[in-house]
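S.K.: Sharing a structure below in structure tokens format, with a few things to ask.
Number of protein chains: 2
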Amino acid sequence: MPDLATTPEPPYYTVIFTSIRTPADPSGYEAMAERMLELARQQPGFLGVESARGADGLGITVSYWESEEAIRQWREHTEHLVAQSQGRSEWYARYELRVARVERAYGLK
Amino acid sequence: MPDLATTPEPPYYTVIFTSIRTPADPSGYEAMAERMLELARQQPGFLGVESARGADGLGITVSYWESEEAIRQWREHTEHLVAQSQGRSEWYARYELRVARVERAYGLK
Chain B
1 MPDLATTPEP PYYTVIFTSI RTPADPSGYE AMAERMLELA RQQPGFLGVE
51 SARGADGLGI TVSYWESEEA IRQWREHTEH LVAQSQGRSE WYARYELRVA
101 RVERAYGLK
Chain C
110 MPDLATTPEP PYYTVIFTSI RTPADPSGYE AMAERMLELA RQQPGFLGVE
160 SARGADGLGI TVSYWESEEA IRQWREHTEH LVAQSQGRSE WYARYELRVA
210 RVERAYGLK
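The listed protein sequences derive, respectively, from chains B and C.
Going by this note's numbering, the residue at position 78 of the first sequence is 78; the numbering climbs one at a time, nothing skipped.
Start counting at 1 in the second sequence, then tack on 109, and there's your number in this note's numbering.
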């Protein structure tokens, strides 16, 4: 059973990463995606992450962060930079990355 | 082939809706989900939407809007209110809804 991220009261920040995969290297991609989730969880200021890829190939990963500075540091993490480069050259046909400030939140538990 | 949303230069607003489905009523849910996407596209201030549900049952729908007022109007749309109510009582085991202001964006085309 999957779980949703548990985040504090806003404000906090989010990175919305939406992507369409190429057909290339599914096992290499899966391994790197798991490694990046594991590594992200260890970063200062990390609050949570939610990720889904539909049967049509569209993927969405939303990560939550304490500050824009935490996002900047994660973007520049050495191992993450290698993954980003391989993503651009091989794994992604297209992606969009949006950084946003969460203003309010509510849910059904 | 799926497509990503094409959005203008920030700032604009986003609603990040993450959910876990109950096992109830898959065909009724699918029909309503499609109808809500169709209806959202017709709303004033709508900019785009991306949606994915993974094999583990976690779903993410991210919609983009010109303003917080456009989001408020969509939330209170009569037909959408009916869908929200049925979502809470029947279709969703859990959900989180976050409203955020997109500050910057970039991508790989």
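Ideal placement from N, C-alpha and C gives every residue a C-beta, glycine not left out.
Going along the chain, which residues of the stretch 183-209 of chain C sit with their C-beta nearer than 9 Å to a C-beta in chain B?
M.R.: Listed by position, the residues of the stretch 183-209 of chain C near chain B (Cβ gap below 9 Å) are Gly196, Arg197, Tyr201, Ala202, Arg203, Tyr204, Glu205, Leu206, Arg207, Val208 and Ala209.
S.K.: Which chain C residues sit within Cβ distance under 7 Å of B:Gly52?
M.R.: Here the question's residue 52 of chain B lines up with position 52 in the first sequence. The question names Gly, yet the displayed sequence has Ala at residue 52 of chain B. Simply Ala161, Arg162, Gly163, Leu167, Gly168 and Ile169.
S.K.: Whole angstroms are fine: how far does the CA of C:Glu185 sit from the CA of B:Gln73?
M.R.: Along the first sequence, one-based indexing puts residue 73 of chain B at 73. Along the second sequence, one-based indexing puts residue 185 of chain C at 76. Rounded to whole angstroms, B:Gln73 to C:Glu185 spans 39 Å at the Cα level.
S.K.: Assign C:Ser198 to buried or exposed, taking buried as 16 or more other Cβ atoms, counted over all protein chains shown, within 10 Å of its Cβ.
M.R.: Here residue 198 of chain C corresponds to residue number 89 of the second sequence, with the count starting at 1. Exposed, since its Cβ has fewer than 16 Cβ neighbours within 10 Å.
S.K.: Would you decide whether C:Arg215 is buried or exposed? Buried here means 16 or more other CB atoms lie within 10 Å of its CB.
M.R.: Taking the second sequence and counting its residues from 1, the one referred to as residue 215 of chain C is at position 106. Before going on, a small fix: residue 215 of chain C reads as Tyr here, not Arg. Result: exposed.
S.K.: Which same chain residues end up closer than 7 Å to B:Arg98 when comparing Cβ atoms and leaving out the 5 residues on each side of it in sequence?
M.R.: Your numbering for residue 98 of chain B matches position 98 in the first sequence. Ile16, listed in sequence order.
S.K.: Is it true that the CB of B:Tyr92 sits closer than 8 Å to the CB of B:Arg41?
M.R.: Counted from its first residue, the first sequence places residue 41 of chain B at position 41. Counted from its first residue, the first sequence places residue 92 of chain B at position 92. No, they are not a contact pair.
S.K.: Please state whether DSSP places C:Glu188 in a helix, a strand or coil.
M.R.: Your numbering for residue 188 of chain C matches position 79 in the second sequence. Three-state result, C:Glu188: helix.
S.K.: Can you check which of these residues, B:Glu66, B:Gln84 and B:Ala100, is closest to C:Thr123 by C-alpha distance?
M.R.: Sequence index remark: in the second sequence, residue 123 of chain C carries index 14 (1-based). Residue B:Ala100 is the option with its Cα nearest to C:Thr123.
S.K.: Check whether the Cβ atoms of C:Val158 and C:Ser172 lie closer than 8 Å to each other.
M.R.: One-based indexing of the second sequence puts residue 158 of chain C at position 49. One-based indexing of the second sequence puts residue 172 of chain C at position 63. Yes; because the gap between Cβ atoms is below 8 Å, this pair is in contact.
S.K.: Note down, in chain order, each residue of its chain lying with its Cβ closer than 7 Å to the Cβ of B:Thr61, except the 5 sequence neighbours on either side.
M.R.: Position 61 of the first sequence holds residue 61 of chain B. Hits under 7 Å: Phe17, Val49 and Ser51.
S.K.: For C:Asp134, which residues from the same chain have a beta carbon less than 7 Å from its beta carbon, with the 5 sequence-adjacent residues on both sides left out?
M.R.: Taking the first residue of the second sequence as position 1, residue 134 of chain C is located at position 25. Glu199 and Trp200.
S.K.: Would you say B:Arg104 reaches chain C, if we count a Cβ-Cβ gap shorter than 8 Å as a contact?
M.R.: Position 104 of the first sequence holds residue 104 of chain B. Yes, B:Arg104 counts as interfacial toward chain C.
S.K.: Over what stretch of residues does the beta strand (DSSP E) that includes B:Ser51 continue unbroken?
M.R.: Taking the first residue of the first sequence as 1, we reach residue 51 of chain B at position 51. Note, B:Ser51: beta strand (DSSP E), Phe46 to Arg53.
S.K.: For C:Gly203, list the residues DSSP reports as bridge partners.
M.R.: What you label residue 203 of chain C is simply residue 94 of the second sequence in a count that begins at 1. Checking the displayed sequence, the identity of residue 203 of chain C turns out to be Arg instead of Gly. Paired residues: C:Ile129.
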